[in-house]
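Student:
There are 2 protein chains.
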Amino acid sequence: MRYSEMHLPTGREVPSDAEVISHKLMIRAGMIRKLTSGIYSYLPLGYRVIRKVEQIVREEMDRAGAQEVHLPMVQPAELWQESGRWTFYGKELLRFRDRNARDYCLGPTHEEVITDLVRHDVKTYRQLPLNLYQIQTKFRDEVRPRFGVMRCREFGMKDAYSFDADEAGAEKSYQKMFTAYNNIFRRCGLKYRPVEADSGSIGGSYSHEFMVMAESGEDAIVFCEKCNYAANLEKAEIARPEKTAIAETDPLPMESVETPNVRTIEEVSGFLNVSPKQIVKTLIFNADGKSCAVLIRGDQEVNEIKVKNVLGAAQLELADDEMILQATGAPRGFAGPVGIKTRVLADYSLMNLNNMVVGANKTDYHLKNVNLERDFKVESYADLRISRPGDLCPRCSGMIQFVRGIEVGHVFKLGVKYSKAMKALYLDRDGKEKTMIMGCYGIGIGRTVAACIEQNFDQNGMIWPMPLAPFKVIVVPVNINEPAVMKAAEDIYAELQKCGEEVILDDRDERAGVKFKDADLIGIPLRIVVGAKNLANGQAELKIRKTGQSTLHAITDLVSQVREIIAAEMHNAA
Amino acid sequence: MRYSEMHLPTGREVPSDAEVISHKLMIRAGMIRKLTSGIYSYLPLGYRVIRKVEQIVREEMDRAGAQEVHLPMVQPAELWQESGRWTFYGKELLRFRDRNARDYCLGPTHEEVITDLVRHDVKTYRQLPLNLYQIQTKFRDEVRPRFGVMRCREFGMKDAYSFDADEAGAEKSYQKMFTAYNNIFRRCGLKYRPVEADSGSIGGSYSHEFMVMAESGEDAIVFCEKCNYAANLEKAEIARPEKTAIAETDPLPMESVETPNVRTIEEVSGFLNVSPKQIVKTLIFNADGKSCAVLIRGDQEVNEIKVKNVLGAAQLELADDEMILQATGAPRGFAGPVGIKTRVLADYSLMNLNNMVVGANKTDYHLKNVNLERDFKVESYADLRISRPGDLCPRCSGMIQFVRGIEVGHVFKLGVKYSKAMKALYLDRDGKEKTMIMGCYGIGIGRTVAACIEQNFDQNGMIWPMPLAPFKVIVVPVNINEPAVMKAAEDIYAELQKCGEEVILDDRDERAGVKFKDADLIGIPLRIVVGAKNLANGQAELKIRKTGQSTLHAITDLVSQVREIIAAEMHNAA
Chain P
1 MRYSEMHLPT
11 GREVPSDAEV
21 ISHKLMIRAG
31 MIRKLTSGIY
41 SYLPLGYRVI
51 RKVEQIVREE
61 MDRAGAQEVH
71 LPMVQPAELW
81 QESGRWTFYG
91 KELLRFRDRN
101 ARDYCLGPTH
111 EEVITDLVRH
121 DVKTYRQLPL
131 NLYQIQTKFR
141 DEVRPRFGVM
151 RCREFGMKDA
161 YSFDADEAGA
171 EKSYQKMFTA
181 YNNIFRRCGL
191 KYRPVEADSG
201 SIGGSYSHEF
211 MVMAESGEDA
221 IVFCEKCNYA
231 ANLEKAEIAR
241 PEKTAIAETD
251 PLPMESVETP
261 NVRTIEEVSG
271 FLNVSPKQIV
281 KTLIFNADGK
291 SCAVLIRGDQ
301 EVNEIKVKNV
311 LGAAQLELAD
321 DEMILQATGA
331 PRGFAGPVGI
341 KTRVLADYSL
351 MNLNNMVVGA
361 NKTDYHLKNV
371 NLERDFKVES
381 YADLRISRPG
391 DLCPRCSGMI
401 QFVRGIEVGH
411 VFKLGVKYSK
421 AMKALYLDRD
431 GKEKTMIMGC
441 YGIGIGRTVA
451 ACIEQNFDQN
461 GMIWPMPLAP
471 FKVIVVPVNI
481 NEPAVMKAAE
491 DIYAELQKCG
501 EEVILDDRDE
511 RAGVKFKDAD
521 LIGIPLRIVV
531 GAKNLANGQA
541 ELKIRKTGQS
551 TLHAITDLVS
561 QVREIIAAEM
571 HNAA
Chain X
1 MRYSEMHLPT
11 GREVPSDAEV
21 ISHKLMIRAG
31 MIRKLTSGIY
41 SYLPLGYRVI
51 RKVEQIVREE
61 MDRAGAQEVH
71 LPMVQPAELW
81 QESGRWTFYG
91 KELLRFRDRN
101 ARDYCLGPTH
111 EEVITDLVRH
121 DVKTYRQLPL
131 NLYQIQTKFR
141 DEVRPRFGVM
151 RCREFGMKDA
161 YSFDADEAGA
171 EKSYQKMFTA
181 YNNIFRRCGL
191 KYRPVEADSG
201 SIGGSYSHEF
211 MVMAESGEDA
221 IVFCEKCNYA
231 ANLEKAEIAR
241 PEKTAIAETD
251 PLPMESVETP
261 NVRTIEEVSG
271 FLNVSPKQIV
281 KTLIFNADGK
291 SCAVLIRGDQ
301 EVNEIKVKNV
311 LGAAQLELAD
321 DEMILQATGA
331 PRGFAGPVGI
341 KTRVLADYSL
351 MNLNNMVVGA
361 NKTDYHLKNV
371 NLERDFKVES
381 YADLRISRPG
391 DLCPRCSGMI
401 QFVRGIEVGH
411 VFKLGVKYSK
421 AMKALYLDRD
431 GKEKTMIMGC
441 YGIGIGRTVA
451 ACIEQNFDQN
461 GMIWPMPLAP
471 FKVIVVPVNI
481 NEPAVMKAAE
491 DIYAELQKCG
501 EEVILDDRDE
511 RAGVKFKDAD
521 LIGIPLRIVV
531 GAKNLANGQA
541 ELKIRKTGQS
551 TLHAITDLVS
561 QVREIIAAEM
571 HNAA
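The listed protein sequences derive, respectively, from chains P and X. Under the working numbering, think of the first position of the first sequence as 1, with each following residue one higher. Under the working numbering, think of the first position of the second sequence as 1, with each following residue one higher.
Listed below in structure tokens is the structure:
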């Protein structure tokens, strides 16, 4: 296209609410505009990138045997009441009434609608397996929309739902999607990683997140330096340590110490002159209304998701003062395992510890030289803490490292959560009625675009990987008023177009500096600069946005050079 | 694709609310499913057709220089308050509040959002003209959703908005869209017609509807048998008749006649033994709060849109009893022009009439032999009636005919209605601030698909024109358990796929009759039947869905035959 005819309003200003680089750059490059809190319009440049992601997603979903459908955004309350989510889903579910005062919501996800669709049309095992997907608009009324299109309220999503006759089939469907997702993010030209994840409130048994690596990412990813293991922080497992024969010192007699106004681990450590590793924290949780104490070494943090999973609890929160008083006989802040009146779980970090310091269940007192078995018992040891760099890999002997990422995709094994509640049944080979087994698979389209920017930018703007670039080449005549320069630029532009390459001709009557700045800002991978001096030698300059590398080429050679680079980069991602 | 792997639930049952053939067939062919009143899911077969329409729309919009954007579905009340439509738009505008109790609506159209977008980013004449389009989901809370996806609440629409610096530019933008729309509907393989239309409540000065011809169409289309003139019924103009020197009889003395319980034209005609053509109806309207009488010949009907336009009224309705009493001195049912106390407009149909019968403005009385000028005066003559077959063309000497159609597209010249209200201004060459001139252009995507079916079906099902066919060919092995038959079918299928043709292999273990019925129902243009008998002669049957014509071909020849037919039909529509 000709730049002069494009609606591409670039600028320097960034809105005050733009915290992350992708948000700033998408505004500055004229990709998006905010309509209202968490709701954005895509301008032509932005929507071109969206369509590229969508196209790759479609091709890979189709290749994996999924079939495209299109489900409504406005959904009747009845289906959500049937699944139980009408009451359980929080305020993110935007509910409203139509002109006839019937209850509806804007779909934040489509498990209910798809399950309803499939239960009506699928009757026998011969119609299974089935995987239906759509690329469609979702709405989630986020409490704090932020980061531009990364965490907004209205957004485009690819969501797919698989239906299988049995567990083996469901596993196969999951693996197909896992493979498709790898293909998608690789073809987008992204550095990404699938990581093990907790299934969370959507339900189900097993899931992976697809993370785009970026320093600005909201999520911490745990991975092993030696093997393939990777997980998000919530899920990251910690290997059960070997029980060593003996800790460093012999058990000493337990001792009660007055510790006035000493509460935090740091304070206890300083007051008693012991390492935080020798102190044990005792946290009292309320799990579905019942108390439970969790013990963990003073230098570690509890992972509540793990506690919840180990307890099999639906709801888990820190206990209130009354529950703490009941369990420990003392107010908040002095809990300890000795004599406690509730079940006690211990993190693996306690396994090789003796002569611990613990709370005394008594105001302003701690106990020293406390020893497991002798002084208190635990119901079981479990992996209850948050992973840290340097931990041992749960799969091999490697060491755990951390990196940051942005979640762009998520694959879930849902099991029968929805098909059971909504009676999505089929007749098997023996004529017996069975419940379908489901999986669900999402990709945030706009978020993938934003994540790509978070991974690929410099101080001058965005740097698109070739597969997602809105245009692959920009031809910049240094001065459009010099006829020879303009003609050469037009010729190169026409030839690239004829070859089917996506190219912009910057035919604006602007200074070269302005054009270069815009080309850098919008991140076009290849820039051809046509100037009078080089043209006199039959040459033009080719600059690679990513490396900044600039080379002179014979104009006769230029188009084939450019096409080779494009083909090579597209091939690398394919 | 293999039929056995497709989610294509065909059936015989039609829902009780399915009144039109497209609705019935889309359900039976497994294209759509109803989620709730006026809200439908598209199944894979249906969505394939949707995507074909979208693709044609995109290509032609891009070719016309429009640029694709994507605007939000959820829109803040503030913008609608600014344009004034928050209060004026009826209950079709679905309003709701978010978690922070702020007012929003679901976009039924996007004039407000696009005008807001453009006013922020377009500052000078150099950025104009501009045409931005999107293909996006709309919601209109219809009082009576019906006809499946033809008049539903949630639907996909292509909407485009042009912004120009002056009238000449706006006219050019309109013409570009007019051409693009012709290209789109021709390329869809539809028999359609652009017709002049009233601009209606969206505002603006000038518009055309694009109508797909179908007997079941909701709209009557008026066209001239001789020239190009075509309009919808609301808009259809009637030529001003020549004033003839004299009517058939000389003016007779006016006479008052008692006509007890005689009210309708038929009753007056029978009671007084005069033709309805001699009787004049007097209708009292309330135009923006003021009364106005409209006279029309007894055998004709008033077109209220024309009355409204002639009066320049914002609101027009039939007057209530009080207004009638004030204007005529009599209760409802006896109004006449003689002595009436309000402005009087006469339809052209009165121009060559004398010795008329009119209401007497007195209960149970009519006046006979009433003559214009002598007995009453009119403010002006105008075209105020509904067009009828046999009327004279307003453009030439031809005769008006009627045909039925379905509106699938609409192009509007909006003028400055929104740009003025919302201050979409730009600086012209002289640095003066001016208001942008807008146009808007819509195509109902789902409705185009339904209209195509209304135009192309028979008792066995749908008959897709080649460009919109979800698949172009279906290969039907008569019996999949005969290895030679199945192999031949597989080979043909593979060869067609290799050539990039969209083909289904009906590999289901079903009777041939069942397969033929499904192939007819889903309307695949070309059917290849592979049976043992013909195969023994190296032949297979090719059946054309549209004509029912069936021919035998050498299998070695078949694929090239099929490809020729496809290419020819695609070319005809291109």
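The beta carbon of each residue, even a glycine, is placed where N, CA and C say it ideally should be.
(1) Following the continuous alpha helix (DSSP H) through Ala484 of chain P, name the residue where it begins and the one where it ends.
(2) Taking one C-beta from the region 104-117 of chain X and one from the region 137-150 of chain X each time, how about it: are there three or more such pairs within less than 8 Å?
(3) So Pro276 of chain P and Gly298 of chain P are in contact, right, with Cβ under 8 Å, and what is the actual spacing, rounded?
(4) In whole angstroms, what separates the C-alpha of Ala536 of chain X from that of Ser560 of chain X?
(5) For Ala125 of chain X versus Ala165 of chain X, is the C-beta spacing smaller than 7 Å?
(6) Using a Cβ-Cβ distance cut-off of 7 Å, determine whether Met73 of chain P contacts chain X.
(7) Short of 8 Å Cβ to Cβ, which residues in the region 494-524 of chain X face chain A?
(8) For Ser41 of chain X and chain P, any beta-carbon pair shorter than 7 Å?
(9) Counting Cβ pairs, one atom from each stretch, are 3 or more of them under 8 Å apart for the region 438-454 of chain P and the region 401-410 of chain P?
(10) From Lys123 of chain X to Tyr229 of chain P, what does the alpha carbon distance come to, in whole angstroms?
(11) Checking contacts by CB at 7 Å: is Pro145 of chain X closer than that to chain P?
(12) Give me the subset of the region 147-170 of chain X whose CB atoms are less than 9 Å from a CB atom of chain P, sorted by chain position.
(13) Mind listing the chain X neighbours of Ile443 of chain P? Cutoff is C-beta to C-beta under 8 Å, in chain order.
(14) In terms of residues, what are the limits of the alpha helix (DSSP H) holding Tyr174 of chain P?
(15) For Asp17 of chain X, go through chain P and note every residue whose CB falls closer than 8 Å to its CB, in chain order.
(16) Closer than 7 Å, CB to CB, is His99 of chain P near chain X or not?
(17) Taking the alpha helix (DSSP H) that Asp347 of chain X belongs to, which residues open and close that run?
(18) Taking only runs of the beta strand (DSSP E) that begin and end inside the region 317-401 of chain P, which ones reach a length of at least 3 residues, in chain order?
(19) Among the candidates X:Gln67, X:Arg388 and X:Lys498, whose CA atom is the shortest distance from the CA of Ile114 of chain X?
(20) By how many angstroms is the C-alpha of Arg447 of chain X removed from the C-alpha of Ser162 of chain P?
(21) As a quick exercise: from P:Val222, P:Val53 and P:Gly359, pick the residue whose alpha carbon is nearest that of Ser387 of chain P.
(22) Just to confirm, are Met254 of chain X and Leu367 of chain X a CB contact at a threshold of 7 Å?
(23) Whole angstroms is fine: what's the gap from Phe96 of chain P's alpha carbon to Lys420 of chain P's?
(24) Go ahead and pull the three-state DSSP assignment for Phe147 of chain X.
(25) For the putative contact between Met1 of chain X and Ile555 of chain X, defined by C-beta atoms under 8 Å, what is the C-beta separation to the nearest angstrom?
(26) Give the residues from the region 527-544 of chain P that approach chain X closer than 8 Å (Cβ to any Cβ), ordered along the chain.
(27) Quick one: is His23 of chain X buried, meaning 16 or more other Cβ sit within 10 Å of its Cβ, or exposed?
(28) For Ala239 of chain X and Ala382 of chain X, what's the separation of their Cα atoms in angstroms?
(29) Going by the C-beta, is Gly446 of chain X closer than 6 Å to any heavy atom of the ligand SAM?
(30) Exposed or buried, what is Lys306 of chain P when buried is set at 16 or more other beta-carbons lying within 10 Å of its beta-carbon?
(31) Could you name the residues that DSSP lists as bridge partners for Pro129 of chain X?
(32) Determine the chain P residues that contact Thr36 of chain X at a beta-carbon separation under 7 Å, and present them in chain order.
(33) Once you ignore the five residues that flank Met177 of chain X on each side, which residues in its own chain have a CB closer than 6 Å to its CB?
(34) Among the candidates P:Leu316, P:Gly339, P:Gln315 and P:Ala314, whose CA atom is the shortest distance from the CA of Leu325 of chain P?
(35) Is the Cβ-Cβ distance between Val530 of chain X and Val473 of chain X less than 7 Å?
(36) Have a look at Glu379 of chain P and Lys423 of chain P and give me their C-alpha separation to the nearest angstrom.
Tutor: On the basis of the supplied data:
(1) Pro483 to Lys498
(2) yes
(3) 4 Å
(4) 20 Å
(5) Reading off the sequence, residue 125 of chain X comes out as Tyr, not Ala. For Tyr125 of chain X and Ala165 of chain X, yes; Cβs fall inside 7 Å.
(6) yes
(7) Considering every chain present, this structure includes no chain A. Its protein chains are P and X.
(8) yes
(9) yes
(10) 54 Å
(11) no
(12) Arg153, Glu154 and Gly156
(13) Those within 8 Å of Ile443 of chain P in chain X number zero; the least Cβ separation is about 17 Å.
(14) Glu167 to Arg187
(15) The contacting residues do not exist; Asp17 of chain X stays about 16 Å from chain P at best.
(16) The question names His, but residue 99 of chain P is Arg in the sequence shown. Yes, because at least one Cβ of chain X sits closer than 7 Å to the Cβ of Arg99 of chain P.
(17) Segment Arg343 to Asp347 is the beta strand (DSSP E) holding Asp347 of chain X; no alpha helix (DSSP H) there.
(18) Here the runs fully enclosed are 344-347, 356-359, 365-370 and 380-382.
(19) X:Gln67
(20) 30 Å
(21) It is P:Val222.
(22) yes
(23) For the pair Phe96 of chain P and Lys420 of chain P, the Cα-to-Cα distance works out to about 27 Å.
(24) coil
(25) About 22 Å; that fails the 8 Å criterion.
(26) Within the region 527-544 of chain P, no residue qualifies.
(27) buried
(28) 10 Å
(29) Judged by which ligands are present, the structure shown has none, so any question about the ligand SAM falls away.
(30) buried
(31) Beta-bridge pairing links Pro129 of chain X to no other residue.
(32) When 7 Å is used as the limit between beta carbons, Thr36 of chain X is near these residues of chain P: Pro76, in chain order.
(33) Val411 and Tyr441.
(34) Checking every option, the nearest Cα to that of Leu325 of chain P belongs to P:Gly339.
(35) no
(36) In a straight line, the C-alpha of Glu379 of chain P is about 39 Å away from that of Lys423 of chain P.
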